[in-house]
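In UniProt numbering, the protein residues as written are 1 to 404.
Shown next as structure tokens:
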């Protein structure tokens, strides 16, 4: 299964002048494969060392690693860490047997438990985990080698891991869609590169020293408090062409990163946000919605519930007096802003001449992009007048169908 398809070009036709504009977005359906048996999933290969004539059975090594990861004591530790009941612990042990044929480094109780918690049944959890492994093999295992993001994505699409931790010692992730010219980036790079970059930067976070230190200390991946700054949100963010991109990105996070997110704190919502939220809330499942807090202008108080020293943890673009920085190894610029063609030209020439880019590593002062939309508190339940019929299908699922 390929999760990113080659685009055949973007339609740039204008909307009709008469009547209400109706936007229909259809994407190719993708069938989720049924769980496979060991006869089709297991990879049993042997390699021969030409110098010694000895044969190494890779499957035996895989089985050994699988047994180590699923050691009974480690399963108990995972159950305690996740607060599983006795029944849920038994279900996790049953899942161990059901996915024993899956040969992948992420066949690990600390990964499988995420899907047990998110699914309604053991069968659903198994199916979700197998689909996740397929996603890893097809896209994520090699994305850091296969995909080279343009520097403008790194500097103008702010999403990154901070060099800080929450009160539990877990990570702090920040995204600033309000500060990004999403439509401008879409026109410049297309849907696939935007989606790939969102995944690329998440995979990049797993290679940082901060992430690895947490793994070594706690024998588990860190969970994340996610700060989503929507100051600067404007009608350009609600262009119909962006909806399937947002829908796809949200679906991938829900399907494959479930359990990693502790809390989603949306901050500095402008009045326009309630219209935007009405358009995208159908993309989120209930589990994700339950993690969300809409902090408004009182965001410092809300963030203080999860982070001890805000000034030390948060960067100036979030907290004016903040001294926080970005984790080493991650994209460093989180100010966003509209990109200019004059910025892209020398980078494109550099790629043509050298086959690579020089990456940016310095943080800059906050730009004025966020001031394009005045920040106001809002009420999600307040009615508004807006009539645009929109329909969005992603991977065969109808995610949005209505008027907004």
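For glycine and all other residues, C-beta sits at the position ideal for the given N, C-alpha and C.
Keep in mind that this is a model prediction, so the values were computed, not measured.
CA-to-CA, the gap between residue 66 and residue 158 works out to about 37 Å. Excluding the 5 residues flanking it on each side, residue 128 has same chain C-beta neighbours closer than 6 Å at 115, 119, in chain order. Boundaries for residue 322: no alpha helix (DSSP H) harbours it, and the DSSP string shows neither H nor E there. According to the DSSP assignment, residue 279 belongs to the alpha helix (DSSP H) that extends over 273-280.
Residue 165 is bridged by DSSP to 171.
Taken atom to atom, the span from the alpha-carbon of residue 143 to that of residue 226 is near 23 Å. Counting only residues of its own chain and dropping the five nearest sequence neighbours on each side, residue 124 has no CB closer than 6 Å to any other CB. Secondary-structure assignment with DSSP links residue 160 through a beta bridge to 174. Following the DSSP letters along the chain, one finds residue 228 in no alpha helix (DSSP H) but inside the beta strand (DSSP E) bounded by residues 224-229. Residue 179: not part of any beta strand (DSSP E); DSSP gives it neither H nor E. Annotation: the region 280-306 contains the following complete segments of the alpha helix (DSSP H) (minimum length 4 residues), in chain order: 286-290, 299-304. Residue 245 sits in a helix when the DSSP states are folded into three classes.
Using a C-beta cut-off of 8 Å, the region 277-295 makes contact with the region 248-260, since at least three inter-stretch Cβ pairs fall below that distance. In this structure, DSSP gives residue 337 an extended state, which the three-state scheme calls strand. Looking only at 223, 211, 214, 276, the smallest Cα-Cα distance to residue 235 is reached by 276. Of the other Cβ atoms in all chains shown, fewer than 16 fall within 10 Å of the Cβ of residue 83; this residue is therefore exposed.
Residue pairing by DSSP puts residue 265 in a beta bridge opposite 227, 293. Membership of residue 109 in the alpha helix (DSSP H) is indicated by the continuous run 109-118. Restricting attention to 155, 310, 331, the CA atom closest to the CA of residue 208 is found in 331. Note that the C-beta distance between residue 178 and residue 336 is below 9 Å. Annotation for residue 129: the continuous alpha helix (DSSP H) segment containing it runs 122-135. Secondary structure note for residue 217: its alpha helix (DSSP H) is the uninterrupted segment 209-218. Annotation for residue 74: the continuous alpha helix (DSSP H) segment containing it runs 72-81. Contact between the region 311-318 and the region 136-155 is not established, with fewer than three Cβ pairs separated by less than 8 Å. For residue 310, the uninterrupted alpha helix (DSSP H) segment begins and ends at 310-313. In the structure shown, residue 103 adopts coil according to DSSP, grouped into three states. In the three-state reduction of the DSSP assignment, residue 97 falls in the helix class.
Residue 162 sits away from residue 295, with the two beta carbons spaced by 9 Å or more. One thing to note: residue 280 has its Cβ within 9 Å of the Cβ of residue 246. The distance from the Cβ of residue 172 to that of residue 180 is about 19 Å, inconsistent with a contact at the 8 Å cut-off. With a cutoff of 9 Å on beta-carbon distance, residue 261 and residue 166 are scored as not near each other.
The alpha carbon of residue 192 has as its nearest neighbour, out of 334, 219, 241, the alpha carbon of 241. Leaving aside the five residues that flank residue 108 on each side, the residues in its chain whose CB is nearer than 6 Å to its CB run, in chain order, 69. The Cβ atoms of residue 258 and residue 81 do not sit closer than 9 Å to each other.
Minimum Cα-Cα distance from residue 156 among the listed residues 135, 194, 88 corresponds to 194. Counted as a single uninterrupted DSSP element, the alpha helix (DSSP H) harbouring residue 144 occupies residues 143-146.
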